[in-house]
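What follows is one structure encoded as structure tokens, with my remarks underneath.
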Amino acid sequence: MSKHDYRVTLRQIEEYAGRAQEICAGKTLDELVGDWQATLALERALEILGEAVKRLPNDLRNRYTQVEWRAIAGMRDRLIHGYDSIKHEILWNAVHEQLPTLQVTIQQMLDDLESDDTR
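In our numbering, the protein residues as written are 1006 to 1124.
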């Protein structure tokens, strides 16, 4: 995968993190869980985000230790394989507690890759 491909993947992560936040915006956890369409949309956004995280090479992820990369990838696996036992409170907490740090880090990664290209 080229550096350009990494940027594409990073932008996908950024996009789906934003979508997950939009789905939860203005809702309580109970309201989210009571809205099956929003719940399914959130699950799907986090699945895609987690799959994109898995596509990033370890050496790139290892440079940015402020993000719990394994937890994000693991959440994707639990959504796919444990679809019948999803704990929406965990997803809710991920959106509110992990995604803001992820978004800041993704922007830093994009900036760093852009900087590397200009050297």
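All C-beta atoms, glycine included, are put in the ideal place defined by N, C-alpha and C.
Counted as a single uninterrupted DSSP element, the alpha helix (DSSP H) harbouring E1052 occupies residues 1041-1060. Cβ-Cβ separation between W1074 and L1037: approximately 25 angstroms, too far for a contact (criterion under 8 angstroms). Apart from the 5 residues on each side of it in sequence, E1019 sits with its Cβ closer than 7 angstroms to the Cβ of Q1108, I1111 in its chain, given in chain order.
Under the DSSP assignment, R1066 falls in the alpha helix (DSSP H) whose first and last residues are 1063-1066.
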